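In this note's numbering, the protein residues as written are 6 to 82.
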């Protein structure tokens with residue numbers, strides 16, 4: 006089980022602040038693709054990803070028990 010925390014527009018589109026993915030292991034890229042397709046949120050290319058509170062690269066491995074945060078770009082003023 007991989008817990009995914011959602012922020013900003015992702016939270017609004019999916020309707021919750023977190024989801025649970027019943028997978029044992031995948032790369033950050035595979036997780037992005039899975040969430041994008043499963044929840045129909047569009048491209049997640051510009052979304053920063055942190056695994057266990059550390060920013061992650063596309064090829065980094067996410068394993069069962071990890072907590073992943075999808076952090077969309079924000080603008081402010």
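We put the beta carbon where it would ideally sit given N, CA and C, even for glycine.
These numbers come from a predicted model, not from an experiment.
Q. Between the Cα of residue 46 and the Cα atoms of 61, 18, 6, which residue gives the shortest distance?
A. Within the chain shown, residue 46 is the residue found at index 41, counting from 1. The shortest C-alpha separation from residue 46 is found at 18.
Q) In terms of residues, what are the limits of the beta strand (DSSP E) holding residue 75? A) Within the chain shown, the letter at position 70 stands for residue 75. For residue 75, the enclosing beta strand (DSSP E) stretches over residues 72 to 76.
Q: Throw me the rounded Cβ distance for the residue 74 and residue 10 pair, which I believe falls under 8 Å.
A: Against the chain shown, residue 74 aligns to sequence position 69. Against the chain shown, residue 10 aligns to sequence position 5. Confirmed, Cβ separation roughly 4 Å.
Q) Is residue 79 helix, strand or coil by DSSP? A) The residue you call residue 79 lines up with position 74 of the chain shown. Looking at residue 79 - three-state DSSP - the assignment turns out to be coil, as it is neither helix nor strand.
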